[in-house]
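Residue numbers (our numbering), protein chains in the order written: chain G, 952 to 1504; chain S, 724 to 1076.
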Amino acid sequence: MLSNPVVSRELLGLLRTRRSIAILAAVAVAFSLLIIARWPSDGVVDLSGATSRDVFRVFAYSLTAAVALLVPVFPSTSIVQEKQTGTLALLLNSPMGPVSIYLGKLIAALGFVLLLLSATLPATAACFTLGGVSLFDEVLPLYLVLAITSVLFTTWSLLVSTAAMTTDGAVRGTFGGVLVLFLLVLLPHYFLDGSESSLAGIAAILRNVSPVPAIMDIVGHADVGSRQLVSQNSGVATFALFGGMLSLLFAGMTVGRLNQTLLDRARSQGNVTDDRAAGVRVFRRLMFLIDPQRRKTGIGPLTNPVMVKEFRSRQFGRLHWLLRIVGGCAIVSLGLAFAATLGSEEWGVETIGGIIVSMQAALIVLFTPSLASGLISSERESGSWELLRMTPLSASRIVRGKLLSVVWTLLILLMASLPGYGVMIWIKPILEEQIIQVLICLAIGAVFAMLLSATVSSFFVRTAPATVASYSILLFLWAGSLLVWLGRDAPFGYSAVQTALSINPMAAALSVIGTPGFESYNLIPVNWWVTGIASGFLLVVLLIQTWRITKPE
Amino acid sequence: MVDQAPVVEISDLTKRYGEFTALDSLTLTVDRGTILGFIGHNGAGKTTTIRILVGLARPTSGTALIAGADCVRQARKVKHLVGYMPDRFGSYSNMRVREYLDFFGAAFGIKRRVRSQRIDEVLDVTGSRYMQDRYVEALSHGMQQRIGIARTLLHQPEVLILDEPANGLDPQARIEMREILLRLADLGKTLIVTSHILPELARICNQVAILHRGKLQACGSLEEVTRQFQQNRMIEVELVGAEEIDRAVAVLSEHSDATGDVVPSPAESIVRFRTEKRDTELGNVLAALVSANVRVTQFREVASDLEEAYLTVTRGEDNGSSREAVAAAEPVAAAGGVTAGSVTAGSEAARAE
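Structure (structure tokens):
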């Protein structure tokens, strides 16, 4: 396999970048520090091995989160970058077939994963030395699950990379998919567990796509706060089956797409509905409501031109796309409301509330970095930042326009999922105050995610790394605090979990609505203060940085 | 009637990046209505000068004024006076050409009704009306260059600064670009154009400035600069047949002042030589050829071009003869009837060429 020229080129090219060296070093240091921090310092020997098992749990979850965040970074841009630079055409014109090209890329990406996992071996060895952790029952299955997870996420990343037209689009698609495969597939089962409906059966199967139940099975978390996420069968074997099947599916789809048709795309001729026959115009009006191909009027006098530009230049910013997304959200929300009405006694209003909050949180995590992480970096990448600097627009007006374009989009999306709350208030009027608090939590969370992504964007000149950084920081903060919550009985105590969750507005929303597992934490108003102050700080940094890069060099 | 007062005034402009001097005491003025060709190697300081002029960079010392406005202290005012087209197009995806122009018009604060008319005008001037509904990222390079120029014209600037507008264009697009630039000059715009394609510049510019290693080496009208830097005249003698070549070379070697430079081309039946002789002395050379029974069909001077002048300047500087080159540049400017390092609006002849 090493004779495959793509393997050596990709892997060597990857290892020559500072970013890959930094990632490897950071992983080795971070996991060593984690073990050092939990290393026993008193003279009492823990013969039961409970301490080392606690350490191993945190270690396993952190390692899984690190794999989910870091593994897709390089393969997600691997093919789309070749498309953009034109080297994919050269590869496809070489005697190498799609399978060897694909295998070259896959093996190179997995080679990096191998190095990444190797960097954690000293920390694992130290953890094993503490005692109480079995090599064959825990350590090796953990690495097996991590290996399958890496293959799954790498094959997914390569598939997205063939479909995407831009590197940042590939990164967004990849991380969106990773979030779904890693976390969101767990939610239906989490909420529907115990129900005898067919939906619950589907949800039970769906959760096996995520590596989390398998990891919980390995670390013995099946009954501790897991809400029976682990299946009755062996979690590792089930995940290996589902993960393997999905990986094969993704690999097959990618190989099928790796041909000349990827590069054979006609340039748009710019057809405009206004120039077409009256019948066509009426038909399109009925079909689209807002026809994307109609000629637009000029930007209005009181409108921030940057905001309008952002909407128009964003693929999903066009009104017809927003309408479709809003329609989808409204349908899901109304579906939940309908389910709440029928099954409120069985599920409980709190569970329904938890589902809606989780859905909105997922929307925020998926959409916000995708919308905001390219706000400034994409301009700098395409060269249009120079043109913006040449206009009389001030830095604050540019920032305002850009942020407004994200605020409006998020507002529309979140509003579309509100009917479910209305139904909850109708079923249980006493919840009104709590729902208002939930909405405040979600709004603050959305603002924080937006400002974080926009600020990260202002420090980058390319959008793909800006998007990776935004998703990584946001997931580190929010998914990381949920990992601490998962270990809420051991190794983390109540106050540690409470502190960790205080930086997570989504956890605050879940605690307010009384979602099982979160109801005992009192996160309001501390969470609002923490998130609010952090957002204010980010806004100041964003304004200063934008002003700095707008000024003459 | 075009007002020929200086519209761009650069005085002792210096830009340093640490130890590296990108621009060294550049002094230059450009009159209204001029098309100035700004020539230099990569890294000569052209883009640095342009970025200072448009307010994207700050000089280490010296001043740059556009229509009296200081490019550093009155950067906001300068933005309205200058239209800048960088060498990168600066595309937005999913935007049609008209929407793209509408955004930049709105960013410059042009009112909606006026903006729509202005967009029509600039699309007409650049011959791009037919592509107003196309998506900007789907345009060819030549089309994007046209839209780039249209964008710079939206706010009706006095000075247009175009960085490599002909770069990467096919011959047809290059001809069209030339026509657009000449049309803009007819509208009274002052143009500063950089390019590596010197024959192209020579066809449109009435003035040129040659920059080398951050220093201005020459400036003036195209004819003045090329003549000044023409070290020797190149004379071409066309003969009746190739059999005359040897005799011709012998005569020319005897009478020419640069024997090593007599170059025969039997395939063309031509002998070329370089000389510093004046016309009357060259008449004697021709007479000697005729006396030696060499049958001459043509005896002519080959006109030197901008490329040759540019290479002479830069080669001279590279060989350490910068002082001579600068000294040579000064009389050029003086011949233009203005102060050293200044450029006047040239005759229509250069453009008509």
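The C-beta atom is built at its ideal place from N, Cα and C for all residues, glycine as well.
Exposed unless 16 or more other CB atoms sit within 10 angstroms - verdict on residue i
| i | result |
| --- | --- |
| Ala1052 of chain S | Residue placement at Ala1052 of chain S is flagged as unreliable, the pLDDT there being 38, under the threshold of 50; the coordinate-derived value follows with that caveat. Buried, because 16 or more other Cβ atoms sit within 10 Å of the Cβ of Ala1052 of chain S. |
| Ile1315 of chain G | buried |
| Pro1476 of chain G | exposed |
| Leu1057 of chain G | buried |
| Asn765 of chain S | exposed |
| Gln1211 of chain G | exposed |
| Glu1076 of chain S | Interpretation of Glu1076 of chain S is limited by its pLDDT of 34, a score under 50 that renders its predicted location unreliable; the figure taken from the coordinates is listed afterwards. So Glu1076 of chain S counts as exposed. |
| Ala976 of chain G | exposed |
| Phe1025 of chain G | buried |
| His978 of chain S | buried |
| Lys1502 of chain G | exposed |
| Gln895 of chain S | exposed |
| Ser1345 of chain G | exposed |
| Pro729 of chain S | buried |
| Phe1469 of chain G | buried |
| Asp1005 of chain G | buried |
| Val1446 of chain G | Per the sequence shown, residue 1446 of chain G should be read as Ser rather than Val. Result: exposed. |
| Lys834 of chain S | exposed |
| Pro922 of chain S | exposed |
Beta-bridge partners of residue i, as assigned by DSSP
| i | result |
| --- | --- |
| Leu962 of chain S | S:Val1019 |
| Cys942 of chain S | S:Ala932 |
| Lys738 of chain S | S:Leu746 |
| Met957 of chain S | S:Arg997 and S:Val1025 |
| Tyr1033 of chain S | DSSP lists no partner for Tyr1033 of chain S. |
| Pro729 of chain S | S:Asp754 |
| Glu792 of chain S | For clarity, residue 792 of chain S is Ala in the given sequence; the question names Glu instead. For Ala792 of chain S, which the question treats as bridged, DSSP gives the partners S:Ile789. |
| Tyr807 of chain S | S:Ile884 |
| Val986 of chain S | S:Arg995 |
| Arg819 of chain S | S:Tyr858 |
Boundaries of the alpha helix (DSSP H) in which residue i is found, first to last residue
| i | result |
| --- | --- |
| Ile758 of chain S | Taken as a continuous stretch (DSSP letters only), Ile758 of chain S belongs to no alpha helix (DSSP H), being part of the beta strand (DSSP E) at Ile758 to Ile762. |
| Leu1061 of chain G | Pro1049 to Ser1069 |
| Met900 of chain S | Pro894 to Asp909 |
| Glu1504 of chain G | Segment: none, Glu1504 of chain G is in no alpha helix (DSSP H) and carries neither H nor E. |
| Asn1044 of chain G | Where Asn1044 of chain G is concerned, there is no enclosing alpha helix (DSSP H), given that its DSSP letter is neither H nor E. |
| Ala1447 of chain G | Tyr1445 to Leu1452 |
| Phe1201 of chain G | Gly1186 to Arg1208 |
| Ile1381 of chain G | Looking at the DSSP string, Ile1381 of chain G is not in any alpha helix (DSSP H), and its letter there is neither H nor E. |
| Ile1327 of chain G | Premise fails: Ile1327 of chain G is in no alpha helix (DSSP H) and is neither H nor E. |
| Gly1152 of chain G | Ser1149 to Leu1157 |
| Leu1434 of chain G | Thr1414 to Leu1437 |
| Lys1353 of chain G | Ala1346 to Ala1367 |
| Ser835 of chain S | In the sequence on display, residue 835 of chain S carries Arg and not Ser. Arg835 of chain S -> alpha helix (DSSP H) spans Arg835 to Val848. |
Expected contact under 8 Å - CB spacing of residue i and residue j to nearest Å
| i | j | result |
| --- | --- | --- |
| Arg852 of chain S | Leu846 of chain S | 4 Å |
| Val1398 of chain G | Ser1462 of chain G | Contact flag wrong, Cβ pair sits at about 19 Å. |
| Ser1324 of chain G | Gly813 of chain S | Actually they are not in contact, since the Cβ atoms of Ser1324 of chain G and Gly813 of chain S sit about 20 Å apart, beyond 8 Å. |
| Ser1578 of chain G | Ala1458 of chain G | Because residue 1578 of chain G is not part of the residues shown, which for chain G are 952 to 1504, the question remains open. |
| Thr1406 of chain G | Val1492 of chain G | 5 Å |
| Tyr807 of chain S | Ile884 of chain S | 5 Å |
Delimiting residues of the beta strand (DSSP E) encompassing residue i
| i | result |
| --- | --- |
| Ile1099 of chain G | Taken as a continuous stretch (DSSP letters only), Ile1099 of chain G belongs to no beta strand (DSSP E), being part of the alpha helix (DSSP H) at Leu1091 to Ala1114. |
| Ala787 of chain S | Ser784 to Ile789 |
| Ile915 of chain S | Thr913 to Thr917 |
Residues within the segment 1311-1338 of chain G neighbouring chain S, beta-carbon criterion of under 7 Å: Ser1333, Gly1334, Ser1335, Glu1337 and Leu1338
Residues from the segment 1384-1416 of chain G in contact with chain S, defined by Cβ distance under 9 Å: none
Residues of the segment 815-836 of chain S with Cβ closer than 9 Å to any Cβ of chain G, in chain order: Tyr815, Ser816, Asn817, Met818, Arg819, Val820, Arg821, Glu822, Tyr823, Asp825, Phe826, Phe827, Gly828, Ala829, Ala830, Phe831, Gly832, Lys834, Arg835 and Arg836
Contact residues within the segment 851-863 of chain S, judged by C-beta distance below 7 Å to chain G: Asp856, Arg857, Tyr858 and Ala861
Short-range partners of chain G found in the segment 786-798 of chain S, where Cβ spacing is below 8 Å: Val795 and Ala798
Residues from the segment 758-786 of chain S in contact with chain G, defined by Cβ distance under 7 Å: Val777, Gly778, Leu779, Ala780 and Arg781
Cβ-based contacts, 7 Å cut-off: residues of the segment 1336-1361 of chain G near chain S: Glu1337, Leu1338, Arg1340, Met1341, Thr1342, Pro1343 and Leu1344
Interface residues of the segment 932-950 of chain S facing chain G [CB-CB below 9 Å]: none
Positions along the segment 1198-1223 of chain G whose CB lies within less than 8 Å of some CB in chain S: Arg1218, Ser1219, Gln1220, Gly1221, Asn1222 and Val1223
Against chain S: residues of the segment 1024-1046 of chain G by CB proximity under 9 Å: none
Residues within the segment 731-755 of chain S neighbouring chain G, beta-carbon criterion of under 7 Å: none
Against chain G: residues of the segment 897-912 of chain S by CB proximity under 7 Å: none
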